[in-house]
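S.K.: For the working numbering, add 57 to where a residue sits in the sequence shown, where the first one is 1.
Cβ atoms here follow ideal geometry from the backbone N, Cα and C, with glycine treated the same way.
Keep in mind it's a predicted model, so treat the numbers as computed, not measured.
Quick one: the structure is below, and I'll ask about it shortly.
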Amino acid sequence: MTSKSDVKKLVETETDRLGFTMTLGNGRWVITNPQNGRSAEIPLQAIGHGLDNYKTKIRSLLQNHPTKPSPMAVATEKADSMPRDTWWSVEALLAAAYSHGLRPYVSGGLLHTPGPIDAQPFAEMLHTRKDEVIAQLTKNTNAATEGITVPTTRETAHVTKPRDITADAEALWGLLRDAAREQGDKPLTNGGVVGVQWQGALAQIIKTACPDWDTVHEQDVRQYLNRTEHTRCHRPRATPPVWWVALEWNDGGLTVTKTTPKPVSQPLVVAPVEKSAARTTPAPASSAEMSPPATAGPALRALLGFEQAIRRTEAERDQALTDRDLARTALEKVRADRDNLLVELGEVKADRDKAKAELEAINAVFARYNGDAA
């Protein structure tokens, strides 16, 4: 920033040379051309190339109809002392502001001009003509959606009742419980909890009894039964597999919540609606889609940032649930392998005891034979 003494020296030199008058008022130098009565105000300090702009501004007082001055001269001139429309159109002013790093936008009916400090003269020009600038920015925003009919929620919402996972899981458990009764209700424990044994293929009984279930719903129901400790596959490698089934139904207060991805804010595109039987899952929002528009205000930017944080939290939660399910699946496999080893170990022990008894019988025969020979 140029010192006050440099500005004062410039003003004194130019006013003396051109025969203008120079006074100090309201913290500014007031320069007046006594020939035509035109006047201009010069700040006590200058930014950047302000001295050159001030010189041009003082010289422009010689003309009754000034030509287009430099941007700095326009920024330092009062609205009531210079004809703005003679020099800048609103479009040209906005284009110059954008090129110097300003990002003007309208929020709450007010004009905001964030940007670098070097571009503040352009910000002052925009605020001097704020009504025209707001009208131009609003016009551009409205033009983007002009002629487009935005459907209401009532017109576009289609509510589909989801399947009741808990009810379907209880129904499937009832089928397994009945099948276990037909097999004699053989007692079987799972982690110390007494239940009954059922031998069979769970996928086959689901296919037979519930043919309308899709793969996703079948997986949800089976996970529900597993998490609420109603079924457990003890020997998956057996033919048929051996299952543990709980004696009584008890959901343990577990609540099943199915979430769907939130819609992503995207430019509105009018296109004919086509019916499709295939279900599509919306892709997750990328960082480019979530980036705020150039005209976004602080409140909108904060809201979008908050929404991104929620999406990240939901993704982390879903990943944690997936990792937990994988860990449980691995644990179940380890338990099943352990049970298989215990069964195989029991069979080996039985064979060993049988062989041991047979060997003792043979030794007894040899002992009698040796005794008789002796």
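1. Which term fits residue 183, buried or exposed, when burial requires 16 or more other beta carbons within 10 angstroms of its beta carbon?
2. What separation, rounded to the nearest whole angstrom, lies between the Cα atoms of residue 93 and residue 86?
3. Have a look at residue 186 and residue 168 and give me their C-alpha separation to the nearest angstrom.
4. Let's test the definition: count the other Cβ atoms within 10 Å of the Cβ of residue 88 and tell me whether it reaches 16, buried, or not, exposed.
5. With a threshold of 16 other CB atoms inside 10 Å of the CB of residue 135, please say whether the residue is buried or exposed.
6. Helix, strand or coil for residue 344? Go by DSSP, reduced to three states.
7. Count the other CB atoms within 10 Å of the CB of residue 161; is the residue buried (16 or more) or exposed (fewer)?
8. Along the alpha helix (DSSP H) that carries residue 231, what are the first and last residues, could you check?
9. Within a Cβ cutoff of 7 Å, which residues of the same chain sit near residue 278, ignoring the five residues on either side of it in sequence?
10. Leaving out five residues before and five after residue 63 in sequence, what residues of the same chain have Cβ atoms less than 7 Å from its Cβ?
11. With a cut-off of 8 Å, do at least 3 Cβ pairs link the segment 287-301 to the segment 380-398?
12. By the DSSP assignment, the beta strand (DSSP E) with residue 247 in it spans what residues?
13. With residue 115 and residue 97 assumed to form a contact (beta carbons below 8 Å), what rounded beta-carbon distance in angstroms separates them?
14. If you draw a straight line from the alpha carbon of residue 76 to that of residue 99, how long is it in whole angstroms?
15. Are there 16 or more other CB atoms within 10 angstroms of the CB of residue 60, so buried, or fewer, so exposed?
16. Taking residue 381 as the reference, which of 280, 411 and 369 has the closest Cα?
M.R.: Let me lay it out:
1. Flag for residue 183 reads buried.
2. Taking C-alpha positions only, residue 93 is separated from residue 86 by approximately 18 Å.
3. Spanning the two alpha carbons is a distance of roughly 10 Å.
4. It is buried - the Cβ of residue 88 has at least 16 other Cβ atoms within 10 Å.
5. Residue placement at residue 135 cannot be trusted, given a pLDDT of 44 that sits under 50; what the coordinates show is reported in the next sentence. By the 10 Å Cβ count, residue 135 comes out exposed.
6. Low confidence applies here, because residue 344 scores a pLDDT of 47, under 50, leaving its location unreliable and the question unanswered by this model.
7. Residue 161 counts as buried, since at least 16 other C-beta atoms from the protein chains shown sit within 10 angstroms of its C-beta.
8. Note, residue 231: alpha helix (DSSP H), 222-239.
9. Cβ-Cβ distances below 7 Å link residue 278 to 222, 225, 226 and 229 in the same chain, with the five nearest sequence neighbours on each side left out; the list follows chain order.
10. If we look at residue 63 and ignore the five residues flanking it on each side, its Cβ neighbours are 108.
11. With a cut-off of 8 Å, the segment 380-398 and the segment 287-301 count as touching, because enough Cβ pairs lie within range.
12. For residue 247, the enclosing beta strand (DSSP E) covers residues 244-247.
13. Correct: roughly 7 Å between the Cβ atoms.
14. If you take the alpha carbons of residue 76 and residue 99, they lie about 17 Å apart.
15. Here residue 60 is exposed, its C-beta having fewer than 16 other C-beta atoms within 10 Å.
16. Residue 280 is the option with its Cα nearest to residue 381.
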